[in-house]
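As structure tokens, the structure follows; a few thoughts come after it.
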Amino acid sequence: MTLTAPSEASGAVRGRGVAIGAAGLAVLLGALDTYVVVSVLEDIMRSVEIPINKIQLATPIITWYLLGYIAAMPLLGRLSDRFGRRLVLQASLALFIVGSIVTAFADTVPEVLVGRVVQGVASGALLPVTLALAADLWSARRRAAVLGWVGAAQELGSVLGPVVGVGVVTLVHNHFASVPHDDAWRVVFWVNVPLALIAMLLLQVTVPKRAVSKEKVDVVGGLLLAVALGLSVIGLYNPEPDGEHVLPPNGLWLLLGAAVAFVLFGLWEKFALTKLIATAGMRVRPFLASCAASVCAGAALMVTLVDVEIYARAVLERDGVAAVLTLVRFLLALPVGAVLGGFLATRVGDRLVSVVGLLVATGGYLLIATWPTDVLSAHYLGFLPALDTSLAIAGFGLGVVIGPLSSAALRAVPLSQAGIASALLVVARMSGMLIGVAALTTFGFYRLNSIVNAMPPIVPQGDFTETVRAVARQTQEAYAHMFGEVFLVTAGICVVGAVFAAFVAGGHQSGDSPAADDDALVPSR
Numbered sequence: 001m002t003l004t005a006p007s008e009a010s011g012a013v014r015g016r017g018v019a020i021g022a023a024g025l026a027v028l029l030g031a032l033d034t035y036v037v038v039s040v041l042e043d044i045m046r047s048v049e050i051p052i053n054k055i056q057l058a059t060p061i062i063t064w065y066l067l068g069y070i071a072a073m074p075l076l077g078r079l080s081d082r083f084g085r086r087l088v089l090q091a092s093l094a095l096f097i098v099g100s101i102v103t104a105f106a107d108t109v110p111e112v113l114v115g116r117v118v119q120g121v122a123s124g125a126l127l128p129v130t131l132a133l134a135a136d137l138w139s140a141r142r143r144a145a146v147l148g149w150v151g152a153a154q155e156l157g158s159v160l161g162p163v164v165g166v167g168v169v170t171l172v173h174n175h176f177a178s179v180p181h182d183d184a185w186r187v188v189f190w191v192n193v194p195l196a197l198i199a200m201l202l203l204q205v206t207v208p209k210r211a212v213s214k215e216k217v218d219v220v221g222g223l224l225l226a227v228a229l230g231l232s233v234i235g236l237y238n239p240e241p242d243g244e245h246v247l248p249p250n251g252l253w254l255l256l257g258a259a260v261a262f263v264l265f266g267l268w269e270k271f272a273l274t275k276l277i278a279t280a281g282m283r284v285r286p287f288l289a290s291c292a293a294s295v296c297a298g299a300a301l302m303v304t305l306v307d308v309e310i311y312a313r314a315v316l317e318r319d320g321v322a323a324v325l326t327l328v329r330f331l332l333a334l335p336v337g338a339v340l341g342g343f344l345a346t347r348v349g350d351r352l353v354s355v356v357g358l359l360v361a362t363g364g365y366l367l368i369a370t371w372p373t374d375v376l377s378a379h380y381l382g383f384l385p386a387l388d389t390s391l392a393i394a395g396f397g398l399g400v401v402i403g404p405l406s407s408a409a410l411r412a413v414p415l416s417q418a419g420i421a422s423a424l425l426v427v428a429r430m431s432g433m434l435i436g437v438a439a440l441t442t443f444g445f446y447r448l449n450s451i452v453n454a455m456p457p458i459v460p461q462g463d464f465t466e467t468v469r470a471v472a473r474q475t476q477e478a479y480a481h482m483f484g485e486v487f488l489v490t491a492g493i494c495v496v497g498a499v500f501a502a503f504v505a506g507g508h509q510s511g512d513s514p515a516a517d518d519d520a521l522v523p524s525r
């Protein structure tokens, strides 16, 4: 890949903002579909005749999407290195449309699962290939800010997903009487079609077509890694943690199968002439440090998404939408932190911003760990609501590191491997999410049982109502104590992430020549 002079690349420079915007729309679509299903899951269950009291039968609708999302990501990222970002993004969006249509038409559980797997596979390419596109179009010194905006689009999907699901279903119920009540959820997936087509059109006219390289792609290695990652997803995802079992049923066997697949992948990569992950030209330690820090950030993120909602139900006595809305402060702070973190990284460097961001998140989790049972009436400095402030600090800190860690990982690899590098970074983050929630949720339930057993038994009083209230207060205190320990461990995970972040590639001048101006560093096609 060569560098063109500014006069030769002026068209690419003018259009690259629109190009990354179109790719960002694709990322937002994929993120929306990751979370939108949560808000319409009960509607889907009624349509495919899954009893409401057997929600465990519907969990594959979520897990199979994650299976396709994570498993296909490395191979699709590598294909974008070989055939160009535009082609892979457009092909993924086309596949996303197919998956959305299959899901919208589905009348049985297998049909829904097929549609969700196809959507997951397609979505798996959108984020890493967009990160790689930013590496193509912006210099190393400038790209952290762009990656922050891409990360904000991803995190915004987590905020808007449930809202879009509820909003679309409510709109259909209120204004489209011709649509059967139980089929309103299907409109959520039909909306994907025009939005994906718009993104494809914008990509067509703004992203320059890259000449197909002669470099081969390690398809066998990609499939072995897909099997390993897929088995890991199913083996780690436990929809009903009970404090006794970290893994779901058959989880151990699935993880053993994943381990075998990883070993086979390692052996293949060692002896194959064409490798999925070529280490030539890669700074291995800084790249692995970026991935390790992303694992820690992902673990903290997922623990918050799961445990804060449980906290709201068990301690704050909030139900349904009110429990979910407790997370809004955290979720809104994520994209804000992502944008600001990317901007700051272009000024002071990826490494410093990544370390500081994870330490800020640590501070937020330390505050959460000290929440009193009556946290809703607690304030910092006399006027800052304790719950809102601490959640916002934690979310802001985790958001800050998104752009810098992505930028640091891409600094450590040649541009010819930006696609596979971005995919591995996202896989690391998703793996941290799965491992973190599996381990810490199980730890939490274990500690809850220990805390309850250590409490003095409630002696029945003459007033039965007062006895019930005493039991309820003790249960709330036990949950509050348990969650305090869980979030204290989460703070420790963020500290570990900050240590890893100290080893990423990342002075703000690292990787750039003095003349590498933002507008001068545009890859020729």
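Numbering of the sequence shown is given in the UniProt record's numbering, commencing with residue 1 and proceeding in unit increments.
Beta carbons are placed, not taken as given, at the ideal position from N, Cα and C, and that holds for glycine.
On a predicted model such as this, the values are computed, not experimentally measured, just so you know.
Does Q204 pass the burial test, meaning 16 or more other C-beta atoms within 10 Å, or should it be called exposed? exposed
Report yes or no: do the segment 347-365 and the segment 394-408 share at least 3 C-beta pairs separated by less than 8 Å? yes
One question on the structure: do A100 and V193 come within less than 8 Å of each other, judged by their Cβ atoms? Per the sequence shown, residue 100 should be read as Ser rather than Ala. Yes, Cβ-Cβ distance for S100 and V193 is below 8 Å.
Indicate whether L29 and A196 have their beta-carbon atoms separated by less than 8 Å. yes
Which residue's Cα is closest to the Cα of R141: L425, S80, T475 and A408? A408
Do the segment 429-440 and the segment 378-389 make contact, defined as three or more Cβ pairs closer than 8 Å? no
Kindly list the residues whose CB is nearer than 6 Å to the CB of G444, restricted to its own chain and excluding five residues on each side of it in sequence; keep chain order. M482 and V486
Do the segment 69-84 and the segment 405-422 make contact, defined as three or more Cβ pairs closer than 8 Å? yes
Status (buried if at least 16 other CB within 10 Å, exposed otherwise) for S10: Residue placement at S10 cannot be trusted, given a pLDDT of 44 that sits under 50; the coordinates are not used to answer.
If we count the other Cβ atoms within 10 Å of its Cβ and call it buried at 16 or more, is M455 buried or exposed? exposed
Give a yes or no on contact between the segment 100-120 and the segment 142-155, applying the rule of three or more CB pairs nearer than 8 Å. no
Backbone CA spacing between A505 and D307 [nearest angstrom]: 33 Å
Along the chain, which unbroken stretches of the alpha helix (DSSP H) at least 4 residues long are found entirely within the segment 130-206? 143-175, 184-190 and 192-206
Alpha-carbon spacing of V496 relative to V98, whole angstroms: 41 Å
When S354, F383 and A323 are compared against G403, the one with the closest alpha-carbon: S354
What is the rounded straight-line gap between the Cα of T4 and the Cα of E49? In this prediction, T4 has a pLDDT of 41, which is less than 50 and means its spatial position is unreliable; nothing more can be read from the coordinates.
Look at L325 and L160 and say whether their C-beta atoms are less than 8 Å apart. no
So, at 7 Å on beta carbons, what are the nonlocal neighbours of L127 in its own chain, with the 5 sequence-adjacent residues on each side left out? V27, G30, Q154 and V426
Contacting residues, own chain, Cβ-Cβ under 6 Å from Q509 (five flanking each side not counted): With a pLDDT of 46 at Q509, under the threshold of 50, the predicted position of this residue should be treated as unreliable, and no value is reported.
Answer yes if the segment 326-335 comes into contact with the segment 384-394, meaning at least three C-beta pairs across the two stretches below 8 Å, and no otherwise. yes
Under 8 Å between the Cβ atoms of G167 and V40? no
Which of the three DSSP states is assigned to L288 in this structure? helix
Taking the beta carbon of A472 as the centre, do at least 16 other beta carbons fall within 10 Å, making it buried, or is it exposed? exposed
Give the range of the alpha helix (DSSP H) segment to which N250 is assigned. That residue, N250, is in no alpha helix (DSSP H); it is neither H nor E in DSSP.
Taking just the CA atoms, how far does V38 sit from G230? 21 Å
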